[in-house]
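Here is the structure we will look at, set down as structure tokens.
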Ligand SMILES: Cc1cc2nc3c(=O)[nH]c(=O)nc-3n(C[C@H](O)[C@H](O)[C@H](O)COP(=O)(O)OP(=O)(O)OC[C@H]3O[C@@H](n4cnc5c(N)ncnc54)[C@H](O)[C@@H]3O)c2cc1C
Ligand code: SF4
Ligand code: FES
Ligand code: FES
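Residue numbers (my numbering), protein chains in the order written: chain A, 44 to 220; chain B, 205 to 552; chain C, 6 to 806.
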């Protein structure tokens, strides 16, 4: 952007309402032309039909829309798609590797950590980023890491247990996490 | 789904460009960093900027430099996670780490920035509501029509027709300062470096604020917070106590930050105490802090300081928890914060 | 009936839920995940007034907006509907009058949601405000303005007034009498998934299809047909997996009917997903309830008589309210023998979103009042509160004073297990100041004995089809709302046929394809669908066994099915793979398609009001809660919860524990922080941030103890667990706070402010109580006297055939 050489009209002229974006979602590259007011949540669910990412408030108060951006959890409802340019997004659909479920997915299923299942995608992704960073977290660490995702069904107990179980399995020497 | 209103997007790639973009676009422009305050408010139509100037591509706002001896320089664009997990912050400025870690949730802290936190809008439960809700209320002074913010002081209608809903006769808005970072930084004696169209200036963090729920920042619309400067830590003890309903998500409805250091003979050498959540700006409690200086910790001293904070604060009934409860807790939290920093000698 | 003595193969095993894989991979498609070609987005315009006449609505500017396809108002959908036949008082959009702020008054369909939302701002509505009625007290005091004019008087919606035995005599026998007043604040379900419905009208077929996040597809089908004036068989409702219900998606809703109407008008699919704010207005949550209870006891704590009065704040519409009114007084008697019992309740209309069934439907409030009241009584008498309860417990095979038939009853075992696990005897009254332990019990039904609308057809039907590939499909209208109904059906069918739950294909919750189930409410699914599934599977097994018996040359009665094999029990080497047996059966009998139907047993009571409360069986729970209170801040932290539940027999222990833990969670939210509160006619804070749902940080450890009583009427002995365990947790917390601090908070939620207020008062020499001060002046009508079962409590009903 050429700054104040031509003054006001210049910046105003450069302000955009639509922009091209390249992003990598679950390993798949996309090139899109999106309105700047479109959030990543809307792009994922409505443009890319990746409906595994949920929503419960759209204003940062529930955590349902959590996805990983370059491996870190963010709220897709408060992320502009244009700002994801060149970055890597992981959604729940991207947790499987080569047809094999992620150990967290197996643990959630086996331990009963999913009831209505609506918070499960966000819980899984948040837990994944925790385990990537800290392979054998304490219960307090798990509680802290998952504290941005509400769940109305489980009382969180089986979710914590599932994360602990996945951590154990991923830490086991014979595992191929 | 709540969706964003339309706007025009500007993405400058340097601080200078960002400032001139803001100046160019005029009062209809708003900077956005992490967007964790801006986007929810836009979705609720509390903010309706015509232009959004994104700070995400501004390299000068990134990074944390320095150490505990020289002091730390924190780029305003650092995420809250970056700040709270920085080893020097954790070890030497624990009050700041504690305050930042108490902000909402880990996932939100991955997005929100320290600069955005300092400029966080004031809050009120007649105002932080959706468009239909506020329409049903009949609006309020701070957002007097569906057109929403931002409104520069000069753009505000001289005769404001819509009353404040908390204090209907009041000529001003009483929305509440709600940043956790601000009081922690104030207690630590931090300064902010501001960069604007007319150059830059460095001011103590506390001087960023005005006691007005609508126009709560002492800075021009095109001025940006570029950096936060923390003084050398030497021997500083600091902490932060936050009142909220739940252990995550919730804003402070009372926040008490204390920083102090002790002489070799165990007397308080200096102390600063800042309180948020009880007025439209975070308050530096100078008088209360003065009581500490030169004194040895004792339960009586702590009680006197707690009283000196408790008595003057006047929260209103526009946040979670009853206002009288928040006032009462101000005393309790000050006492507990001091007891934490001063150890057994201060405990009753 | 279905209780099997043989060892079980999959029932009772901690197997993963059958829907876990879809949910753990993000493949489960909830209503808002669906979209159809040419789909339009719908949005609702909400009333800005709590109570007003609509003078004028002008939609012309909205219609002119580019991208807007249709706009409707109340006049376009004027037919009244409602979940209960006696409560047909709703319309899809307000007609002429609005009754709460947030009530939908118009609906828009547009090409995208941005446009739909913009169109809302172009609709002009002119209101003539009426005085809003915002509390129970106001509704009782002010007959005018009337919120509805179809009820006989003022703003009184429903009344109940019953007396069993002779209360005056009961009190005359008492050595000691105590009375208390309690208030239970309203709260809401807050499912994580916002309600959503997608409608498609096929003009060629003249048929409407609605996909909706609903707990009751059958009732939605009926309401849609009525409201849209379509024959019922032209309406197909498909319930999508529900992302949290808790009772909040059990009514037919505005957005469902509006989406359908808009689709009929535009010929295009229309989807309406509620915003979070609208979910608070859709509500149907816990009634705010003021309760008065008076009990007479003998010196040893045996109850001689009880009077219970309840004042329910119903909000603006009926919803399930007529039933809720009775639930305020019905279940006190299934935990305790109350020789003489009088119960009176009144439900009023107020200008707030309608209240309805939330987990425990109308019974958590009275249970809270009763259990705290008994705790106080025990203290007055110098008795251990556990002991007081043990002296009054009901037992198995007993009929209560209000004619409810208890079959299995594990309450005593639940109490014993809790006392032991929690260290109750060592802790009670002995923990340091600020720390406390509280105790309470509860009970709940396993399905309402009567349907919502009167009919004598089955409540649940299941069809099982076995095809020549060995594939087994179960068809049922039950909808999994997270409680695990899919897993229950699959497990029951698999157990009977010797298969695994994952072998069972499920076709559920589709009014075109599946036989009736009334819905996922009143904890009825395991009992009713489970029994229907059992019957259908048994019939299929019979055919398969007959075919296999001939092939293997052994009598049918020696056959067993297990591990996907049908074999001779005496000589297991004589065996056929299940699929082979299925082929033989199809060759011999034709299509193997069998059915099961479930009808609850006849109720015993015949008095007016006896329709609410009867159930095939009752589940029981007992709980202890340990708290740490901060006397300086008033904060209450729950350290640990022990909960024992009489489950009959668990179909799947993981599901049962999950329901217990979820119930504890929801109860803690209700007792400590959640409030659906109003201010100046408006919901105080309809958002996720301000409605305080506990986070993972607040959740204490829970020790779940399963007590098995092998319920004779349950499938494989099972009873409910979805709701019952919630009830006892709330009073147990209140009682724990008393044990910790010596103050009584007789009003939910127990907030730090209230605790401090009570402590302050106590410090000044007062009683240390926060709660309602006086009972409204309201003259209940004389109670209908109902004879007690002859010989009570020893009355035995005739065993059903
Ligand atoms: C559910 C929820 C809970 C929250 N809880 C808390 C809490 O407990 N405590 C708390 O303190 N905050 C809380 N927040 C508020 C907010 O998320 C944080 O304060 C965050 O740090 C804001 O930073 P941001 O970068 O996202 O700000 P943005 O939203 O990008 O901006 C906020 C404001 O600052 C301005 N701004 C941003 N950067 C600059 C800059 N460099 N110079 C000048 N102006 C700037 C913007 O124009 C805007 O007015 C919460 C938010 C949500 C949604
Ligand atoms: S304090 Fe008054 S003017 Fe300010 S936001 Fe609240 S109601 Fe509006
Ligand atoms: S949808 Fe609730 S935080 Fe994003
Ligand atoms: S499983 Fe339903 S919200 Fe978590």
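Backbone N, C-alpha and C fix where the C-beta goes; we use that ideal spot for every residue, glycine too.
Collapsed DSSP secondary structure at residue i in the structure displayed
| i | result |
| --- | --- |
| residue 708 of chain C | strand |
| residue 800 of chain C | coil |
| residue 204 of chain A | helix |
| residue 88 of chain A | helix |
| residue 588 of chain C | helix |
Any non-hydrogen atom of ligand 2 closer than 7 Å to residue i Cβ
| i | result |
| --- | --- |
| residue 483 of chain B | no |
Strand pairing of residue i, partner residues [DSSP]
| i | result |
| --- | --- |
| residue 522 of chain C | C:465 |
| residue 176 of chain C | BP columns for residue 176 of chain C are empty, so no partner. |
| residue 532 of chain C | In DSSP, residue 532 of chain C forms no bridge with anything. |
| residue 395 of chain B | B:408 and B:433 |
| residue 235 of chain B | B:257 |
| residue 169 of chain C | C:346 and C:791 |
Inter-residue Cα distance where the pair is residue i and residue j
| i | j | result |
| --- | --- | --- |
| residue 50 of chain A | residue 216 of chain B | Bear in mind that a pLDDT of 43 at residue 50 of chain A, under 50, signals an unreliable position, so the number given afterwards is only what the model happens to contain. Cα-Cα distance, rounded: 14 Å. |
| residue 292 of chain C | residue 140 of chain C | 11 Å |
| residue 120 of chain A | residue 240 of chain B | 10 Å |
| residue 307 of chain B | residue 294 of chain B | 15 Å |
| residue 66 of chain A | residue 132 of chain A | 7 Å |
| residue 225 of chain C | residue 219 of chain C | 8 Å |
| residue 705 of chain C | residue 650 of chain C | 18 Å |
| residue 163 of chain A | residue 39 of chain C | 18 Å |
| residue 184 of chain C | residue 371 of chain C | 14 Å |
| residue 48 of chain A | residue 279 of chain B | Residue confidence is low: residue 48 of chain A scores 40 on pLDDT, short of 50, so the model does not pin down where it sits. No coordinate-derived value is stated. |
| residue 211 of chain A | residue 178 of chain A | 8 Å |
| residue 218 of chain A | residue 25 of chain C | Residue placement at residue 218 of chain A is poorly supported in this model, since its pLDDT is 46, which falls under 50; the coordinates still yield a value, given next. Distance between the alpha carbons of residue 218 of chain A and residue 25 of chain C is about 22 Å. |
| residue 508 of chain B | residue 88 of chain A | 57 Å |
| residue 758 of chain C | residue 449 of chain B | 12 Å |
| residue 312 of chain B | residue 108 of chain A | 12 Å |
| residue 204 of chain C | residue 242 of chain C | 9 Å |
| residue 324 of chain B | residue 102 of chain C | 41 Å |
| residue 209 of chain B | residue 197 of chain C | 24 Å |
| residue 424 of chain B | residue 404 of chain B | 12 Å |
Residue i beta carbon near ligand 1 (any heavy atom closer than 7 Å)
| i | result |
| --- | --- |
| residue 442 of chain B | no |
| residue 325 of chain B | yes |
| residue 221 of chain B | no |
| residue 320 of chain B | yes |
| residue 240 of chain B | yes |
Proximity test, residue i beta-carbon vs ligand 4 heavy atom, cut-off 7 Å
| i | result |
| --- | --- |
| residue 334 of chain C | no |
| residue 325 of chain C | no |
| residue 579 of chain C | no |
8 Å contact criterion, which residue i and residue j should meet: CB distance rounded
| i | j | result |
| --- | --- | --- |
| residue 549 of chain B | residue 501 of chain B | 4 Å |
| residue 366 of chain B | residue 344 of chain B | 6 Å |
| residue 366 of chain C | residue 332 of chain C | 6 Å |
Residue i Cβ short of 7 Å to ligand 3 heavy atom set
| i | result |
| --- | --- |
| residue 118 of chain C | no |
| residue 263 of chain C | no |
| residue 118 of chain A | yes |
| residue 100 of chain A | yes |
| residue 229 of chain B | no |
Of all the residues that make up the region 187–204 of chain C, which are near chain D by a beta-carbon distance shorter than 9 Å?
No chain D is part of this structure, whose protein chains are labelled A, B and C.
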